[in-house]
Structure formats: C-alpha cells, structure tokens
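J.: Numbering (the numbering used here), first residue to last: 403 to 797.
Virtual Cβ for every residue (Gly too), placed ideally from N, Cα, C.
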Amino acid sequence: MTIKIKEVFKVLKTCDGTQARLGELATLHGAVSTPVFLPVGSQGTVKTLTPEELQAIGITMILGNTYHLYLRPGIDIIEKMGGLHNYMAWSGPILTDSGGYQVFSLSPLCRVNDDGVIFRSHIDGSEHSFSPEAAIEFQERLGVDVIMVLDECTSVGEKKMRVREAMLRTHRWAERCLKKHVNQKQPLFAIVQGGVFPELRRQSAETLAAMDFPGYAIGGLSLGEAKETTWQIVQTTTEKLPHNKPRYLMGVGSPEDIVEGVSRGIDMFDCALPTRVARNGALFTMKGRQNVDKSMFKTKEGPLDDNCDCYTCQTFSAAYLHHLFKCGELLAYRLATIHNLRFISRLMQGIRSAIQSGTFLDFQKDFLGRYKTTNEAARITQKQKWLDGQRNSSD
RNA sequence: GGAGGGGUGCCGGAGUGGACAAUCGGAGCAGACUGUAAAUCUGCCGCCUUAAGGCUGCGUAGGUUCAAAUCCUACCCCCUCCA
Numbered sequence: 403m404t405i406k407i408k409e410v411f412k413v414l415k416t417c418d419g420t421q422a423r424l425g426e427l428a429t430l431h432g433a434v435s436t437p438v439f440l441p442v443g444s445q446g447t448v449k450t451l452t453p454e455e456l457q458a459i460g461i462t463m464i465l466g467n468t469y470h471l472y473l474r475p476g477i478d479i480i481e482k483m484g485g486l487h488n489y490m491a492w493s494g495p496i497l498t499d500s501g502g503y504q505v506f507s508l509s510p511l512c513r514v515n516d517d518g519v520i521f522r523s524h525i526d527g528s529e530h531s532f533s534p535e536a537a538i539e540f541q542e543r544l545g546v547d548v549i550m551v552l553d554e555c556t557s558v559g560e561k562k563m564r565v566r567e568a569m570l571r572t573h574r575w576a577e578r579c580l581k582k583h584v585n586q587k588q589p590l591f592a593i594v595q596g597g598v599f600p601e602l603r604r605q606s607a608e609t610l611a612a613m614d615f616p617g618y619a620i621g622g623l624s625l626g627e628a629k630e631t632t633w634q635i636v637q638t639t640t641e642k643l644p645h646n647k648p649r650y651l652m653g654v655g656s657p658e659d660i661v662e663g664v665s666r667g668i669d670m671f672d673c674a675l676p677t678r679v680a681r682n683g684a685l686f687t688m689k690g691r692q693n694v695d696k697s698m699f700k701t702k703e704g705p706l707d708d709n710c711d712c713y714t715c716q717t718f719s720a721a722y723l724h725h726l727f728k729c730g731e732l733l734a735y736r737l738a739t740i741h742n743l744r745f746i747s748r749l750m751q752g753i754r755s756a757i758q759s760g761t762f763l764d765f766q767k768d769f770l771g772r773y774k775t776t777n778e779a780a781r782i783t784q785k786q787k788w789l790d791g792q793r794n795s796s797d
C-alpha cells in the first residue's frame, strides 16, 4: 500500500454550530476514523492490556514514546526485531512522541539548547542527548505510522519571553526535522507551542502551517492552566491551522476534555489519564468519574456502570472491583483499564456518529450536562502539591 | 509458689516528669491524577466544633508534683523462666 504523506487525511463531514469534523487518517497499518483517541503505551505496551484486548475494546491507534524506547530496550533492538509493531505484536497504527515532552516533564534532569536536549536517564542516571535529527531518525527506525517533531514545551507559570524562546526553538527544530525526515511513508506532524499566549499561538500555528506538514499537533496544554484558558488557546490555534490537515491535541484528555476538544475542531487525542486513573481506581461513568475503592461500592451488586458493554461491567460487580482494589490485586488494574478505555472508545464512536448524523451539538450538550467533572480548585491545588513533591524528591 | 518482663489510640508499635491528643507503620475515610520516572500522590483519622477553642485520654484505683503515659502504692490481666 502506498500513501502520499501530504494527503494523509480527509475531512469527511463538518458540523453546523461547532468546529467538529469527521475524518479519516490513512496510515500504513490501516485507516483510522477520526476523531480518535490514542491510549498511551510509552514502553511499547498500553499498561496491563494485550493487543487483542485493545482491539476488542475498539482501540484503533496507540501512542509509543521515543524517549522510553530509546533508553530501554534501545532503538537497535526494536529495529532488529522488525520494528515496534512486530516487537509489541500490535498490528494497528502507532504514533510516537518525539521525546519533547520528557524534556519538560523531567526538567530537573534535562537541559535544552539549540542543538537539542541533554537529559539524564531516569533508569540509571546516564547522560544522553536528542537532537531534532536524532528524534526523527529514531522514530523512522521504530517504523511507526506517524512521527512527531522534537519540540520544547513550557510550563504554565513561565514568562512570555521564555515561552517565545521555546516556541521559536520549536520552529527551528521543526524545520530541521522536516529536512531530516526521509521516510516518506511516515507522516511527520509539527507541534504548535506558545503557552497560554494567544498571539504566540497564532504566530506558531502560522509559521508551522507555512512549512506544510501533513499534520499539526497542539502541545503544551492541560498542564495545570485553567480550562477556560486551554479552550481559548485551542480555539485560537485551530483557527490558524489548515482545514484539510489533521489536528492533534497532545496530552488530552479526560472524557469531558475530549468532547470540548472535538467541538473546537480537534481530530486526534492521546492521554495517559484514562489508563493511569484506572490503575488508581477511578472509573468513568456517564455521570462522571467514580473512585471504586470508595466504601459506597463495598456492597454494590451489579456493574459499576449499568450502560457499559465492556468485559469488566458485563462480568463483575462493582463490589468485586472494590474488593480487588482494596486488596491491591493485579486483576483490578486490568479490569479498570479495560473499562476506561472502552468508555473512551464508545465516547469516540458516539462523537463520530453524532457528527455523521449532524447531531453533535446535542450530543455535546447532553454529555457535558450529565458528566460531573472534578473540582477545578482541588485539581489545581493537588497538582501543585504533586509538583512540589517531585521537586523535593529530585533534590 | 519464686524470679523477671509487659499492659499506649481500630491494630502493630514509639515515648519513660513539662515542647503529648501522644513519633512512625498498617487499616479506615476522602480527594487528586491530562504528549506515563505514577499498581502513584495528598489530606483526615479520640470526642464536640466550619474554625478558634473546649472536653476526655496511655490496664484499674489512689498518691507525689506547679505539671504525670512517664515517679510512688495497691489491685487486675498477659508473657517468659525456675520449682
């Protein structure tokens, strides 16, 4: 099968009243209907699940991580094993992140300059560096379907000057990545940066759009800024992105954020949240998230979510799930992950068919009306505490 | 019968005159988690109270002291060793 990487995406239908679009992304491992959600499988595995299970859940595309795979087992080994698909026995499309996010999330261990990123391995402390060119080479050798440019992400409180600097560097790196990228079967997506500053975001989107990438990602959001800001920035950015190219909102999201994102014209999402949160006992339901380890589930007969068709809900009671979590039984993590990914998968399906039938606006209102979101204030406070904890432990 | 050790909050277990409502674990309760260094982290956890504050409290009952989980006396219970 041959694909032309400049025409990798088709918008099949748009929505009156919102920016939502139904589309199709062509890859070497099959076409993917969008809007789509990619579960995160950094280390060549979506934690706790097999490829068969992912498929049964309805997952069509996953995300892998260059940073992790480079450190372990190493790009050489995966290349020798026939590429990441073969290595992990996943036959669907894979997108890899370039490692740009790790620069940001592991910042005490990382330095950035124009040449690239210098970082310390979280595994053994050894020093490594990624240039934009190396990031491309590694991803090409992993043999995945969509690859990402190396970018520099900035945190929420960062001064505008610093954010601009990172954005401009991201642009220079994007150009170098484009130049380096020789495997014309793997579309390379650019990443828009610019923090929470609309004018920077506009500038970033315009600059990158002019470089004519086959797809565009929005990076550096959902990092602790107010939701209102997130959506304002997404809106600002998508307005400047080409209509006929896929838009990928990196690191988002939660069910409610996905719906919000779709309504602003986002086609692709990836996020660690559904799977991570599952492992910690928080399961999605149409009414919002529920921590199954709560005492109220101790004696609840019947499934956690009456409307769910996933293996977990079809087979086990909420009380049993509660018990597994209380005991720290390994099965708990798997069952919860199955449920959350199925929830997201059905959400995406629902979104797509609503766009198809021209009812997305109603779908969105209905979903957001029912889905109780987590407390924003608690979210921000705890995020700060978590970051403080990280800082102290790394000192 | 003799000798020794010990009884602390739901549990384990520190503390041996003031800084103790009592370190620390565990359990329990609640919350968070957004391009995964996350099967992680945070808070609460005697009673009343939103809080300030108040009340009760370290086997039981007395006592010494300005002050006792900590010292003294008696009693109750548990464990180990000897007979």
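Which word fits Ser747, buried or exposed, when buried means at least 16 other C-beta atoms lie within 10 angstroms of its C-beta?
T.: As a working note, residue 747 is residue 345 in the first sequence. Buried: at least 16 other Cβ atoms inside 10 Å.
J.: What is the rounded straight-line gap between the Cα of Lys728 and the Cα of Ala734?
T.: As a first step, residue 728 is located in the first sequence; it is residue number 326 there, counting from the start. As a first step, residue 734 is located in the first sequence; it is residue number 332 there, counting from the start. Distance between the alpha carbons of Lys728 and Ala734: 9 angstroms.
J.: What residue does the alpha helix (DSSP H) around Arg513 start on, and which one ends it?
T.: What you label residue 513 is simply residue 111 of the first sequence in a count that begins at 1. Run containing Arg513: none in the alpha helix (DSSP H); it sits in the beta strand (DSSP E), Cys512 to Asn515.
J.: For Glu426, does the three-state DSSP call read helix, strand or coil?
T.: The sequence position of residue 426 within the first sequence is 24, counting from 1. Three-state DSSP puts Glu426 in a strand.
J.: Is His725 helix, strand or coil by DSSP?
T.: Along the first sequence, one-based indexing puts residue 725 at 323. Looking at His725 - three-state DSSP - the assignment turns out to be helix.
J.: What are the start and end residues of the beta strand (DSSP E) that includes Phe435?
T.: For the purposes of this step, residue 435 is taken as the residue at position 33 of the first sequence. The question names Phe, but residue 435 in the sequence shown is Ser. Looking at the DSSP string, the run of the beta strand (DSSP E) that includes Ser435 is Gly432 to Thr436.
J.: Check whether the stretch 670-684 touches the stretch 438-454, taking contact to mean three or more Cβ pairs, one atom from each stretch, closer than 8 angstroms.
T.: Cβ pair count under 8 angstroms is three or more, so yes.
J.: Roughly how many angstroms lie between the CA atoms of Tyr503 and Gln716, to the nearest whole one?
T.: In the first sequence, residue 503 corresponds to position 101, counting from 1. In the first sequence, residue 716 corresponds to position 314, counting from 1. Whole-angstrom Cα-Cα distance: 37 angstroms.
J.: In this structure, does DSSP put Tyr735 in helix, strand or coil?
T.: Your numbering for residue 735 matches position 333 in the first sequence. Tyr735: helix per DSSP, three-state reduction.
J.: With distances taken between CB atoms, is the gap from Ile480 to Leu486 smaller than 7 angstroms?
T.: Locating residue 480 in the first sequence gives position 78, counting from the first residue. Locating residue 486 in the first sequence gives position 84, counting from the first residue. Their beta carbons are under 7 angstroms apart, which means Ile480 touches Leu486 by this criterion.
J.: Would you call the stretch 607-616 in contact with the stretch 581-588, where contact means no fewer than 3 C-beta pairs closer than 8 angstroms?
T.: Contact between the stretch 607-616 and the stretch 581-588 is absent, because fewer than three Cβ pairs lie under 8 angstroms.
J.: Just how far apart, CA to CA, sit Gly621 and Ile757?
T.: One-based indexing of the first sequence puts residue 621 at position 219. One-based indexing of the first sequence puts residue 757 at position 355. Rounded to whole angstroms, Gly621 to Ile757 spans 25 angstroms at the Cα level.
J.: Nearest CA to the CA of Val353: which residue from Thr556, Gly655 and Arg423?
T.: Absent from the model: residue 353. The displayed extent of the chain is 403 to 797, so no value can be given.
J.: Hey, could you find the ends of the beta strand (DSSP E) His583 is sitting in?
T.: By one-based count along the first sequence, residue 583 stands at place 181. Counting along the chain, His583 falls outside any beta strand (DSSP E), and DSSP gives it neither H nor E.
J.: Which term fits Asn467, buried or exposed, when burial requires 16 or more other beta carbons within 10 angstroms of its beta carbon?
T.: Position 65 of the first sequence holds residue 467. Flag for Asn467 reads buried.
J.: Would you tell me roughly how many angstroms separate the C-alpha atoms of Thr639 and Val679, rounded to the nearest one?
T.: Sequence index remark: in the first sequence, residue 639 carries index 237 (1-based). Sequence index remark: in the first sequence, residue 679 carries index 277 (1-based). C-alpha separation (whole angstroms): 29 angstroms.
J.: Distance, Cα to Cα, Lys581 vs Leu511?
T.: In the first sequence, counting from the first residue as 1, residue 581 sits at position 179. In the first sequence, counting from the first residue as 1, residue 511 sits at position 109. If you take the alpha carbons of Lys581 and Leu511, they lie about 29 angstroms apart.
J.: Between which two residues does the beta strand (DSSP E) containing Asn709 stretch?
T.: Start at 1 with the first residue of the first sequence, and residue 709 comes out as number 307. Premise fails: Asn709 is in no beta strand (DSSP E) and is neither H nor E.
J.: Using DSSP with H/G/I as helix, E/B as strand and the rest coil, what is Val558?
T.: Position 156 of the first sequence, counting from 1, holds the residue named residue 558. Residue state, collapsed to three classes: coil.
J.: Could you check if Thr404 is buried or exposed, using at least 16 other CB atoms within 10 Å of its CB as the buried criterion?
T.: Here residue 404 is taken as the residue at index 2 of the first sequence, counted from 1. Because the pLDDT at Thr404 is just 49, under 50, the model does not fix this residue reliably, and the point stays unresolved.
J.: Assign Ser697 to one of two classes, buried (16 or more other C-beta atoms within 10 Å of its C-beta) or exposed (fewer than that).
T.: Here residue 697 corresponds to residue number 295 of the first sequence, with the count starting at 1. It counts as exposed.
J.: Run through DSSP, which three-state label would Thr776 get?
T.: Counted from its first residue, the first sequence places residue 776 at position 374. In this structure, Thr776 counts as coil in the three-state DSSP scheme.
J.: Work out the CA separation of Gly501 and Ala507 for me, nearest whole Å.
T.: For the purposes of this step, residue 507 is taken as residue 105 along the first sequence, with counting starting at 1. For the purposes of this step, residue 501 is taken as residue 99 along the first sequence, with counting starting at 1. According to the sequence shown, residue 507 is Ser rather than Ala. Answer to the nearest angstrom: the Cα atoms are 10 angstroms apart.
J.: With 16 other CB atoms within 10 Å as the buried threshold, where does Arg772 fall?
T.: Along the first sequence, one-based indexing puts residue 772 at 370. Classification for Arg772: exposed.
J.: What is the residue span of the alpha helix (DSSP H) that Arg681 lies within?
T.: What you label residue 681 is simply residue 279 of the first sequence in a count that begins at 1. Taken as a continuous stretch (DSSP letters only), the alpha helix (DSSP H) holding Arg681 covers Leu675 to Arg681.
J.: Buried or exposed for Asp797, going by 16 or more other Cβ atoms inside 10 Å?
T.: Locating residue 797 in the first sequence gives position 395, counting from the first residue. The pLDDT assigned to Asp797 is 45, lower than 50, so where the model puts this residue is not dependable; a value taken from the coordinates is nonetheless given after this. It is exposed - the Cβ of Asp797 has fewer than 16 other Cβ atoms within 10 Å.
J.: For a quick check, are the C-beta atoms of Thr632 and Ser624 less than 7 angstroms apart?
T.: Walking along the first sequence from the start, residue 632 turns up at place 230. Walking along the first sequence from the start, residue 624 turns up at place 222. Yes, the pair counts as a contact, with Cβ atoms nearer than the cut-off.
J.: Please report how far the alpha carbon of Thr452 lies from the alpha carbon of Met483, in whole angstroms.
T.: Locating residue 452 in the first sequence gives position 50, where the first residue counts as 1. Locating residue 483 in the first sequence gives position 81, where the first residue counts as 1. In a straight line, the C-alpha of Thr452 is about 18 angstroms away from that of Met483.
J.: Per DSSP, His530 forms a beta bridge with which residues?
T.: Reading the first sequence from its first residue, position 128 is the one you call residue 530. Answer by DSSP bridge pairing, in chain order: Phe521.
J.: Between the alpha carbons of Lys415 and Ala568, how many angstroms are there, rounded?
T.: Numbered from 1 along the first sequence, position 13 holds the residue referred to as residue 415. Numbered from 1 along the first sequence, position 166 holds the residue referred to as residue 568. For Lys415 and Ala568, the distance between alpha carbons rounds to 35 angstroms.
J.: Quick check on the DSSP output: the beta strand (DSSP E) that includes Met548 runs from which residue to which?
T.: Here residue 548 corresponds to residue number 146 of the first sequence, with the count starting at 1. The sequence given here has Val at residue 548, not Met. Here the beta strand (DSSP E) through Val548 covers Val548 to Met550.
J.: Among residues of its own chain, excluding the 5 on either side of Val413, which ones have a beta-carbon nearer than 8 angstroms to its beta-carbon?
T.: By one-based count along the first sequence, residue 413 stands at place 11. Here the set comprises Arg423, Leu424, Gly425, His645 and Asn646.
J.: Shortest alpha-carbon distance to Met688 belongs to which of Gly653, Arg513, Ala592 and Gly752?
T.: By 1-based counting over the first sequence, the position of residue 688 is 286. Considering only alpha carbons, the answer is Gly752.
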